[in-house]
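Below you'll find the structure, written out as structure tokens, and then a few comments.
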Amino acid sequence: EDQVTQSPEALRLQEGESSSLNCSYTVSGLRGLFWYRQDPGKGPEFLFTLYSAGEEKEKERLKATLTKKESFLHITAPKPEDSATYLCAVQTGTASKLTFGTGTRLQVTL
Amino acid sequence: GAVVSQHPSWVICKSGTSVKIECRSLDFQATTMFWYRQFPKQSLMLMATSNEGSKATYEQGVEKDKFLINHASLTLSTLTVTSAHPEDSSFYICSASGQAQETQYFGPGTRLLVL
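If you're matching them up, the sequences are chains D and A in order.
1 is the number of the first residue of the first sequence in our numbering; add one for each residue after it.
1001 is the number of the first residue of the second sequence in our numbering; add one for each residue after it.
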């Protein structure tokens, strides 16, 4: 059974204080690893897809990386508007469904 | 691009009634749609996967007679919660993916409260 574990559960940063969120996975046959951002009371917003170890993708202050066992979401100089829950999910085998981690709740304060 | 809408965004109903939630892909053809539910401070739990024109595939533990899913066109899927009870109160979110793309794009969610 596919397992996805995210850490930390919650993270509080000051504006400008860079950090990383972790997503560890145990799966057979990874097809893709996805990062989403979810604001309270809303659906997840797509951020990145990573397909193979060594791959990196960037968008504004966010950078996602992938190894064979985990993915990191690096947040550089965060702003209060980056506050949200960040979810990672894996897609495996021939199925198109996603298995989600429990998320990291990020709060960025002034 | 890749916009998914849901309607309604909020619904309150009495116990025993049925509620229908619509999920639409606005700017792409969704060959596959997914339905999730999310409890407070928990992650998304997949309920079912539906391909256009086919019967939905339900996850283990999800009652297919209670949660009816229809995916009659490439832009519309519906979830009907039949004979709703208070324990069905939750946040229901759909997602859609198109042909030859792996990414699921999510709708804004529907909050259901059963009294």
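Yeah, the Cβ is synthetic: ideal placement off N, Cα and C, and Gly gets one too.
1. When you compare only the Cα positions, how much space is there between residue 15 of chain D and residue 61 of chain D?
2. Relative to chain D, which residues along the segment 1068-1089 of chain A have a C-beta separation below 7 Å, given in chain order?
3. Where DSSP assigns a beta bridge to residue 1011 of chain A, which residues make up the other side?
4. For residue 79 of chain D, does the count of other Cβ atoms within 10 angstroms reach 16, so buried, or fall short, so exposed?
5. Between which two residues does the beta strand (DSSP E) holding residue 27 of chain D run?
6. For the beta strand (DSSP E) that residue 12 of chain D lies in, which residues bound it at each end?
7. Tell me whether the beta-carbon of residue 1095 of chain A lies closer than 8 Å to the beta-carbon of residue 1107 of chain A.
8. Does DSSP put residue 1063 of chain A in a helix, a strand or coil?
9. Of all Cβ atoms in chain D, is any one closer than 8 Å to the Cβ of residue 1107 of chain A?
10. If we count the other Cβ atoms within 10 Å of its Cβ and call it buried at 16 or more, is residue 26 of chain D buried or exposed?
11. Leaving out five residues on either side along the sequence, give the residues of the same chain with a beta carbon under 8 Å from the beta carbon of residue 1115 of chain A.
12. Rounded to a whole number of angstroms, what is the C-alpha to C-alpha distance between residue 1018 of chain A and residue 75 of chain D?
13. Using a Cβ-Cβ cut-off of 8 Å, state whether residue 31 of chain D counts as contacting chain A.
14. On the premise that residue 71 of chain D lies in contact with residue 50 of chain D, defined as a C-beta separation below 8 Å, what is that separation, rounded to the nearest angstrom?
15. Could you tell me whether the Cβ of residue 1097 of chain A comes closer than 8 Å to any Cβ of chain D?
16. Verify the CB distance criterion: does residue 65 of chain D have a CB-CB separation below 8 Å to chain A?
17. Using a beta-carbon distance cut-off of less than 9 Å, what residues from the segment 32-50 of chain D approach chain A?
18. Where residue 9 of chain D and residue 1010 of chain A are concerned, what is the direct C-alpha to C-alpha distance, given to the nearest angstrom?
19. Figure out for me which residue from D:46, D:96 and D:30 has the closest Cα to the Cα of residue 1057 of chain A.
20. State the beta-bridge partners of residue 1033 of chain A as determined by DSSP.
21. Can you check whether the CB of residue 53 of chain D is closer than 8 Å to the CB of residue 68 of chain D?
22. Assuming contact is defined by CB atoms lying nearer than 8 Å, are residue 1026 of chain A and residue 1050 of chain A in contact in what I supplied?
For this structure:
1. 12 Å
2. none
3. A:1112
4. exposed
5. Neither: residue 27 of chain D is in no beta strand (DSSP E) and is coded neither H nor E.
6. 10-14
7. yes
8. coil
9. yes
10. exposed
11. 1012, 1013, 1014, 1015 and 1086
12. 44 Å
13. yes
14. 6 Å
15. yes
16. no
17. 32, 34, 36, 38, 41, 42, 43, 44, 45, 46 and 49
18. 28 Å
19. D:96
20. A:1050 and A:1096
21. yes
22. no
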